[in-house]
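Novice: Have a look at this one before I ask anything.
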Amino acid sequence: MAKNSGSRNDFPEIFGKLSEYYARRRLYTALDKVARQDEPFRVLISTVISQRTKDEVTEKASKRLFSRFPTIQSLAAAQTKDVEECIRDAGFYRTKSTCIIQIAKIIERRYGCAVPDSIEEMMELPLVGRKTANCVLVYGFGKAAIPVDTHVHRISNRLGIVSTRNVEETERELRRQIPRRFWIGINELFVLHGRSVCRPISPRCEICPVSELCAFFRTGKSGERRSSKGVSSGRKGVSNVL
């Protein structure tokens with residue numbers, strides 16, 4: 064018998080099924096790969112590069128950049144044109160290049176080359192908003208936080224865990240409803256799931272490991288070829304991502 068959906072009590076099972084599904088396929092996001100280097104600064108810069116940029120491009124651009132500028136000090140002293148050359152395949156690369164150098168200079172001078180581990184301090188850096196700061200907490204410091212992008216927002220609403228209009232509301236509700244022990248893994252799993260299965264248009268519900276727990280699937284909406292509504296994507300420019 065199909066189980067009821069839309070309950071916060073289902074989340075441990077949802078988390079477990081998605082974890083097993085993606086572990087078997089050995090799929091990881093670019094940020095998760097950077098996180099294995101145990102260097103918050105690289106996670107921060109890679110997250111800035113990732114804004115409006117595909118994962119594979121982010122990964123390659125980050126490797127080129129850190130190969131040429133491996134430390135905060137070297138990046139703080141870099142010329143803009145040299146950083147642009149490293150990340151030119153990324154979206155808005157000129158704006159990002161200028162801001163990346165500024166970030167390195169601020170961290171070098173204000174924080175003694177140590178990335179701050181508070182959201183408030185990180186959000187004072189150029190191109191760093193709440194999502195980016197949460198990503199650094201999770202992937203850079205291994206601290207419990209919930210970075211919410213359009214994938215996390217969409218999937219949380221489709222599953223029936225939340226009923227929210229934007230990413231800010233979604234983060235607040237997830238923090239309120241989901242046990243803290245799951246926070247650190249939500250972004251990685253939901254981003255992977257949103258890219259490969261629970262897509263904005265034509266989600267692949269027939270192969271979804273959590274379809275029996277999904278309100279979207281149970282109400283029959285999965286057959287509709289349309290994108291999710293109610294999220295402001297901020298497509299006008301890189302500064303709207305953050």
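The letter at position 94 of the sequence shown is residue 157 when you use the numbering used here, and the numbering goes up by one with no holes. Glycine included, each C-beta is placed from N, C-alpha and C at the ideal position. Owing to the predicted nature of the structure, the values given are computational and were not obtained by experimental measurement.
Starting from C162, follow the alpha helix (DSSP H) in both directions and report where the run begins and ends.
Specialist: Its alpha helix (DSSP H) spans residues 156-174.
Novice: Less than 8 Å between the CB atoms is what I'm expecting for V199 and T110, so what's the real figure, rounded?
Specialist: Confirmed, Cβ separation roughly 6 Å.
Novice: Using the three-state DSSP reduction, which class does P189 fall into: helix, strand or coil?
Specialist: The answer is coil: DSSP assigns P189 none of H, G, I, E or B.
Novice: Is the Cβ-Cβ distance between V201 and N250 less than 8 Å?
Specialist: Yes, the pair counts as a contact, with Cβ atoms nearer than the cut-off.
Novice: Could you check what DSSP says for F204 in three-state terms: helix, strand or coil?
Specialist: Note: F204 maps to coil in three-state DSSP.
Novice: Among the candidates R71, K284, S160, D152, whose CA atom is the shortest distance from the CA of V146?
Specialist: Per the Cα distances, S160.
Novice: If you reduce the DSSP assignment to three classes, tell me which class T227 lands in.
Specialist: Here T227 sits in coil by DSSP.
Novice: Would you kindly check if the distance between the Cβ of I108 and the Cβ of I182 is under 8 Å?
Specialist: No, they are not a contact pair.
Novice: Within its chain, find whatever has a CB closer than 6 Å to the CB of V225; leave out the 5 residues flanking it on each side and keep chain order.
Specialist: Only S219, T233, E236 meet the Cβ criterion.
Novice: What three-state label does DSSP hand Y91 in the structure shown?
Specialist: In the structure shown, Y91 sits in coil (DSSP, three-state: anything other than H, G, I, E or B).
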